[in-house]
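Residues are numbered in my numbering as their position in the sequence shown, beginning at 1, plus a constant of 1241.
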Amino acid sequence: MASTRETPRAPGRASSPGGRRQVTASAVLGLAAALTAAAAMLVVALVVGRAGTSSAAGPVTGWGLPLARLALDVASIGTIGLLLLGGFLLPAAGERLGARGLSAVRAAAWWSLAWAASAAAAALLTLSDISGQPVSAVLDPLTILDFVIQASQGRALLLVTGLALLLAGCARRTRTVNDAWLLVVLAALTVVPPTLTGHAAEAANHDLATLSLVLHVLAASAWVGGLGALVVYGAGSAPSRQVASRYSQLALGCFALVGVSGVANAAIRLASGPDALSQLWVSRYGWLVLGKTVALVVLGGFGWWHRRHTLPELAAGRSSAFARFATAELVVMVLTVALAVALSRAPTPAPDDGHSAGTGLTATAVGRTA
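See below:
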């Protein structure tokens, strides 16, 4: 794999340690605010979509499960984004990761641990939701063992937990670009299992629905995660034109794939009900699909503006516009992830024979979207 070597910064462009700490703190605070807004968006979307918060197990499970899935999504996206930042976006020192790339991969290890923890929490809450019992009543080891062996949701979340822990251990020891790419592949494999047990598994065109959902989730994870890593962990110094251009190329491909796969997935889900097109306007599931469509169009506008304005400004040495605009784009992305979690919980329109196409109780995380 061809790689570029790190080049020293021009003396006039170096940032002071105090400035670096200030910018990094601002980025972290911005991320915290975005995640808080995402949680609020999730609550609103769950109410609008009537997305399965009235669990027989009680309100802790009814509201805790979507929040755990949001945490799982954010952790998986953060992990993938940091691995892409370290292994692909940032310059490398020959075949070995550069200092900043190595730091990004090490940070991915912590996000992987959060990924594993949120998957374990989601597994317990899913068991509580399905059984209709509060979490305290399903903590019996035999009950949990039966769930992770017999139920597809349990097996998927157990696999995610184990692979995320493996990913965290490997990220602590990774030092080369090729190793970082292997971790990206492992992270992509870790994302897949939950997508095989949700709405796509219940759809009429199972194979096409599953394939479109897997592609949708992987593309969205790379797109959102790459920008998030660039904004938060690249905040100590403005990204170079080379790094930003690499991400721009990645984002364009991901945007196209997210759009195409999302349309295909929504068409399959809505086609299960009567008068599929009208379901966009009359069903709550359709409302959430329209909300995600609007968000995708807005994010496409962000991408166009980046290519036309902020990338040339970055090349001219004016980095502040890029940082502000990318942060705003990241906030919209995180809100869209929250909307996707609500969509994964929302019941799809009933098919013509009157039976439900799925209640959303078995849908799992990682932006399982239409």
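Beta carbons: idealized from backbone N, C-alpha and C, even for Gly.
Note that this is a predicted model, so its numbers are computed, not measured.
Would you say residue i and residue j are within 7 Å of each other, going by their C-beta atoms?
{"i": "Trp-1422", "j": "Gly-1342", "result": "no"}
{"i": "Leu-1366", "j": "Leu-1306", "result": "yes"}
{"i": "Ala-1409", "j": "Leu-1338", "result": "no"}
{"i": "Leu-1398", "j": "Ala-1360", "result": "yes"}
{"i": "Thr-1209", "j": "Ala-1536", "result": "The structure shown does not extend to residue 1209, since the chain spans only 1242 to 1611, so no value can be given for it."}
{"i": "Pro-1434", "j": "Val-1401", "result": "yes"}
{"i": "Ala-1470", "j": "Ala-1279", "result": "no"}
In the DSSP assignment, what are the bridge partners of residue i?
{"i": "Arg-1337", "result": "Ala-1334 and Thr-1417"}
Beta-carbon within less than 7 Å of residue i's beta-carbon, same chain only, minus the 5 sequence neighbours each way: which residues are those?
{"i": "Trp-1356", "result": "Leu-1313, Ala-1316, Ser-1317, Thr-1320 and Ala-1405"}
{"i": "Tyr-1474", "result": "Leu-1323, Leu-1326, Ala-1345 and Ala-1348"}
{"i": "Ala-1309", "result": "Ser-1359, Ala-1362, Ala-1363 and Leu-1366"}
{"i": "Leu-1459", "result": "Ala-1429 and Val-1432"}
Cutting at 6 Å between CB atoms, please list the residues of its own chain near residue i, excluding the five before and the five after it.
{"i": "Gly-1527", "result": "Gln-1520 and Leu-1521"}
{"i": "Thr-1302", "result": "Ser-1296, Leu-1366, Ser-1369 and Asp-1370"}
{"i": "Ala-1556", "result": "Arg-1482"}
{"i": "Leu-1330", "result": "Val-1484, Arg-1487 and Tyr-1488"}
Between the C-alpha atoms of residue i and residue j, what's the straight-line distance to the nearest angstrom?
{"i": "Gly-1466", "j": "Arg-1559", "result": "24 Å"}
{"i": "Val-1501", "j": "Ser-1462", "result": "15 Å"}
{"i": "Val-1264", "j": "Ala-1587", "result": "Confidence is the limiting factor: at Val-1264 the pLDDT is only 42, short of 50, which leaves the residue's position unreliable, though a coordinate-based value still follows. If I take the Cα positions, the gap works out to 39 Å."}
{"i": "Ala-1476", "j": "Leu-1323", "result": "Unreliable placement is indicated for Ala-1476, whose pLDDT of 48 sits below 50; no coordinate value is reported for it."}
{"i": "Leu-1283", "j": "Pro-1300", "result": "15 Å"}
{"i": "Leu-1437", "j": "Glu-1554", "result": "43 Å"}
{"i": "Gly-1373", "j": "Ala-1273", "result": "33 Å"}
{"i": "Ala-1492", "j": "Leu-1407", "result": "28 Å"}
{"i": "Glu-1570", "j": "Val-1389", "result": "38 Å"}
{"i": "Ala-1583", "j": "Val-1289", "result": "9 Å"}
{"i": "Leu-1386", "j": "Val-1426", "result": "29 Å"}
{"i": "Val-1564", "j": "Arg-1549", "result": "Residue 1564 is actually Ala in this sequence, not Val. Taking the straight line joining both Cα atoms gives about 15 Å."}
{"i": "Gln-1640", "j": "Thr-1384", "result": "Since the first residue shown for the chain is 1242 and the last is 1611, residue 1640 is missing from the structure and cannot be characterised."}
{"i": "Thr-1277", "j": "Ala-1562", "result": "24 Å"}
{"i": "Ser-1377", "j": "Ser-1393", "result": "22 Å"}
{"i": "Leu-1518", "j": "Val-1538", "result": "19 Å"}
{"i": "Ala-1479", "j": "Leu-1270", "result": "Bear in mind that a pLDDT of 49 at Ala-1479, under 50, signals an unreliable position, so the number given afterwards is only what the model happens to contain. The straight-line gap from Cα to Cα measures roughly 17 Å."}
{"i": "Ala-1512", "j": "Gly-1542", "result": "29 Å"}
{"i": "Ala-1334", "j": "Thr-1417", "result": "9 Å"}
{"i": "Arg-1262", "j": "Trp-1304", "result": "Per-residue confidence for Arg-1262 stands at a pLDDT of 42, beneath the threshold of 50, marking its modelled position as unreliable; no derived number is given."}
{"i": "Thr-1589", "j": "Pro-1382", "result": "34 Å"}
{"i": "Val-1504", "j": "Asp-1448", "result": "15 Å"}
{"i": "Thr-1415", "j": "Leu-1529", "result": "40 Å"}
{"i": "Phe-1566", "j": "Thr-1534", "result": "21 Å"}
Please check the pair residue i and residue j, which I expect to be a contact at CB under 8 Å, by giving their CB distance rounded to whole angstroms.
{"i": "Val-1572", "j": "Ala-1362", "result": "Not quite, the Cβ-Cβ distance comes to about 25 Å (not below 8 Å), so this is no contact."}
{"i": "His-1547", "j": "Ser-1489", "result": "6 Å"}
{"i": "Gly-1395", "j": "Ala-1428", "result": "Not a contact, Cβ separation roughly 21 Å."}
{"i": "Ser-1453", "j": "Leu-1552", "result": "With a Cβ gap of about 31 Å, Ser-1453 and Leu-1552 do not count as contacting."}
{"i": "Leu-1498", "j": "Leu-1456", "result": "6 Å"}
{"i": "Met-1240", "j": "Leu-1430", "result": "Only positions 1242 to 1611 of the chain appear in this structure, which leaves residue 1240 out of reach."}
{"i": "Cys-1236", "j": "Trp-1464", "result": "Since the first residue shown for the chain is 1242 and the last is 1611, residue 1236 is missing from the structure and cannot be characterised."}
{"i": "Ala-1298", "j": "Pro-1375", "result": "5 Å"}
Leaving out the 5 sequence neighbours to the left and right, which residues in its chain are closer than 8 Å to residue i when beta-carbon positions are compared?
{"i": "Ala-1412", "result": "Leu-1324, Val-1346, Arg-1347, Ala-1349, Ala-1350, Ser-1353 and Leu-1424"}
{"i": "Gly-1532", "result": "Ala-1286 and Leu-1580"}
{"i": "Leu-1380", "result": "Leu-1365"}
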